[in-house]
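Trainee:
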Amino acid sequence: MKTQVGIIGGGPSGLMLSQLLHLKGIDNVVLEKHSREYVLGRIRAGVLEHGFAELMREAQCGDRMDAEGEIHEGFYIAEGGEKRRVDLAGHTGGNSVVVYGQTELTRDLYEAREKMNGQVIHNVEDVKLHGLKSDAPHISYRSGDDIIRIDCDYVIGADGFHGVSRKSIPSDVLVEYEKVYPFGWLGVLSRTKPVSPELIYAKSDRGFALCSLRSQVLSRYYIQVPLTDTVEDWSDEAFWEELKARLPEDVAAELETGPSIEKSIAPLRSFVAEPMRYGNLFLAGDAAHIVPPTGARGLNSAASDIYYLYHALVAHYQDGDDSGLDGYSEKALARIWKAQRFSWWMTTLLHRFPDSIAYDQKLQQTDMDYLFSSEAALTSLAENYVGLPF
Ligand code: APR
Ligand code: PHB
Numbered sequence: 005m006k007t008q009v010g011i012i013g014g015g016p017s018g019l020m021l022s023q024l025l026h027l028k029g030i031d032n033v034v035l036e037k038h039s040r041e042y043v044l045g046r047i048r049a050g051v052l053e054h055g056f057a058e059l060m061r062e063a064q065c066g067d068r069m070d071a072e073g074e075i076h077e078g079f080y081i082a083e084g085g086e087k088r089r090v091d092l093a094g095h096t097g098g099n100s101v102v103v104y105g106q107t108e109l110t111r112d113l114y115e116a117r118e119k120m121n122g123q124v125i126h127n128v129e130d131v132k133l134h135g136l137k138s139d140a141p142h143i144s145y146r147s148g149d150d151i152i153r154i155d156c157d158y159v160i161g162a163d164g165f166h167g168v169s170r171k172s173i174p175s176d177v178l179v180e181y182e183k184v185y186p187f188g189w190l191g192v193l194s195r196t197k198p199v200s201p202e203l204i205y206a207k208s209d210r211g212f213a214l215c216s217l218r219s220q221v222l223s224r225y226y227i228q229v230p231l232t233d234t235v236e237d238w239s240d241e242a243f244w245e246e247l248k249a250r251l252p253e254d255v256a257a258e259l260e261t262g263p264s265i266e267k268s269i270a271p272l273r274s275f276v277a278e279p280m281r282y283g284n285l286f287l288a289g290d291a292a293h294i295v296p297p298t299g300a301r302g303l304n305s306a307a308s309d310i311y312y313l314y315h316a317l318v319a320h321y322q323d324g325d326d327s328g329l330d331g332y333s334e335k336a337l338a339r340i341w342k343a344q345r346f347s348w349w350m351t352t353l354l355h356r357f358p359d360s361i362a363y364d365q366k367l368q369q370t371d372m373d374y375l376f377s378s379e380a381a382l383t384s385l386a387e388n389y390v391g392l393p394f
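5 is the number of the first residue of the sequence shown in the working numbering; add one for each residue after it.
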């Protein structure tokens, strides 16, 4: 098989790039390790920044997002029994975020790929990358007993944190920066009315909690838990009790509880791999970087990679201009690190750190007091939360 761009990974990054390139007449193939059902069974975050929503529209996949997604112009930070609003629109000249589940967004991208007869090959095994430093790289994979070869001009590694692409870069070239947090988030999805029309990020002595939503009948809640906890340790009742204990009393009193329809624990990690290009391999999304979910930056960090790669590949194929490809890694990393900084800051501001000393706790409290006493600090939070420009 031969194609122009071989894309490893059928998550949001790979599918979005595939769709955008196809619309510009650039031939590509997506190789996904799992079935479509498996990929769509994963519950992930649900806040999209303006730039990502625009990219969905450009990919001609924005109709359902625009119809069913909710525009949020602010969110709350709760602490010490009260909640205070962060006015995103007011601090960013009218900018906002779209609340729309990543699972739904991935479904829309799959449907769009299908409609255009885009090539997405599922259940591929043993994906291997070859000749990345040459002008003629190729990808191989196993399907049953057959080894299939795909020749391409460029390989895009959009295969997430555990994928094969990043690992194909020699260890003397790749530098990895990592910070692992000493806690995880236990998340529950429930068919209940969300406790608040806007998200509530809650700091409490018992640990962090988040009230989020997917729609007006579907709620998503999280609580910070020790890494040693398992889902089995948390009955629905225990979860709701603990969530209530971390929220201001008036919010807890309003909380509608019900059976969980999904419950999982995700560890919190910050991670960046540099460079994001090796020969004719380009990394994008979770394959190159991970953020803790606190600032809702995960998918949005992937968005800028896809945006830069898309424009760079179009410039290459349409105008023979390689400057975008040559500058990709540096440009992408500059924005990635800002998202890393913001996610780390918001995580540090709101969580209970088991080994923090009294001095750290004083600084954390001062950070919060400063935030709500300074228009400049609130503006900084707002501009990062809605997403820095691409
Ligand atoms: N070969 C082919 N596909 C692979 C391989 C492999 N060796 N390894 C992993 N994959 C697939 C995974 O099954 C997954 O569907 O690559 C896909 C990567 O998707 P994501 O992990 O969703 O990563 P990405 O598309 O970059 O999305 C980034 O989504 O999951 C969130 O936190 C993440 O919000 C961020 C955004
Ligand atoms: C979610 O709805 O899953 C969500 C929202 C905001 C975050 C993280 C997760 O910061």
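Using N, Cα and C, we set each Cβ at its ideal position, and we do this for glycine too.
Computed from a predicted model, the values in this text were never measured in an experiment.
1. Per DSSP, which one or two residues make a beta bridge with D155?
2. I want to check one thing, is the minimum distance from the CB of G50 to the heavy atoms of ligand 2 below 6 Å?
3. Counting C-beta neighbours from all protein chains within 10 Å, is the total for T351 16 or more, i.e. buried, or is it exposed?
4. Counting pairs of beta carbons, one from the segment 313-331 and one from the segment 177-191, are three or more of them closer than 8 Å?
5. Have a look at the DSSP bridge pairing and note the partners of N32.
6. CB I450 to CB Q8, shorter than 7 Å?
7. Cβ of L214 within 7 Å of Cβ of Y226?
8. Is the beta carbon of G50 less than 7 Å from the beta carbon of G14?
9. Would you identify the three-state DSSP class for V255, choosing helix, strand or coil?
10. Which value, in whole angstroms, describes the spacing of the CA atoms of L392 and D240?
11. Considering V318, what are the terminal residues of the alpha helix (DSSP H) in which it resides?
12. Go to A292, then tell me how far its alpha helix (DSSP H) extends in each direction, as first and last residue.
13. How many angstroms separate the CA atom of Y158 from the CA atom of I143?
14. Considering only the beta carbon of each residue, do L317 and A288 sit closer than 7 Å?
15. Report the rounded CA-to-CA distance for T370 versus I361, giving the unit in angstroms.
16. Short of 6 Å in beta carbon distance, which residues of its chain neighbour D155, apart from the five on each side in sequence? Order them along the chain.
17. Give the secondary structure of H76 by DSSP, where H, G and I count as helix, E and B as strand, and everything else as coil.
18. Grouping DSSP H, G and I as helix and E and B as strand, with all else coil, what is W341?
19. Tell me where the alpha helix (DSSP H) around Y389 begins and ends.
20. With 16 other CB atoms within 10 Å as the buried threshold, where does L367 fall?
21. Within 10 angstroms of its Cβ, does F376 collect 16 or more other Cβ (buried), or is it exposed?
22. Taking only heavy atoms of ligand 1 into account, decide whether any of them is closer than 6 Å to the Cβ of V131.
23. For L217, write down the residues that DSSP places opposite it in a beta bridge.
24. Do you know whose CA, among I269, V184, M69, lies nearest E236's CA?
25. Using the rule of at least 16 other Cβ atoms within 10 Å of the residue's Cβ for burial, across every protein chain shown, is M120 buried or exposed?
26. Quickly, what does DSSP pair W189 with across the bridge? List them, please.
27. Considering just the uninterrupted stretch of the beta strand (DSSP E) at E86, what are its terminal residues?
28. Beta-carbon within less than 6 Å of D70's beta-carbon, same chain only, minus the 5 sequence neighbours each way: which residues are those?
29. Could you give the first and the last residue of the continuous beta strand (DSSP E) run that contains D209?
30. Given a cut-off of 7 Å on the beta-carbon distance, is the pair F212 and L385 in contact?
31. Alpha carbons only, please: which of D139, K207, A206, Y185 is nearest the one belonging to P230?
32. From the DSSP output, in three-state form, read off I42 for me.
Mentor: Quick answer:
1. K6, H142
2. yes
3. buried
4. no
5. V9
6. Within the shown structure, residues of the chain are numbered from 5 to 394, placing residue 450 beyond reach of any answer.
7. yes
8. no
9. helix
10. 37 Å
11. 302-323
12. Here A292 belongs to no alpha helix (DSSP H), and DSSP marks it neither H nor E.
13. 10 Å
14. no
15. 14 Å
16. K6, H142
17. strand
18. helix
19. 379-390
20. exposed
21. exposed
22. yes
23. S223
24. I269
25. exposed
26. Q228, A270
27. 86-91
28. none
29. Per DSSP, D209 belongs to no beta strand (DSSP E) and is neither H nor E.
30. no
31. Y185
32. Here residue 42 turns out to be Tyr, not Ile, going by the sequence shown. Y42 falls in the helix class under three-state DSSP.
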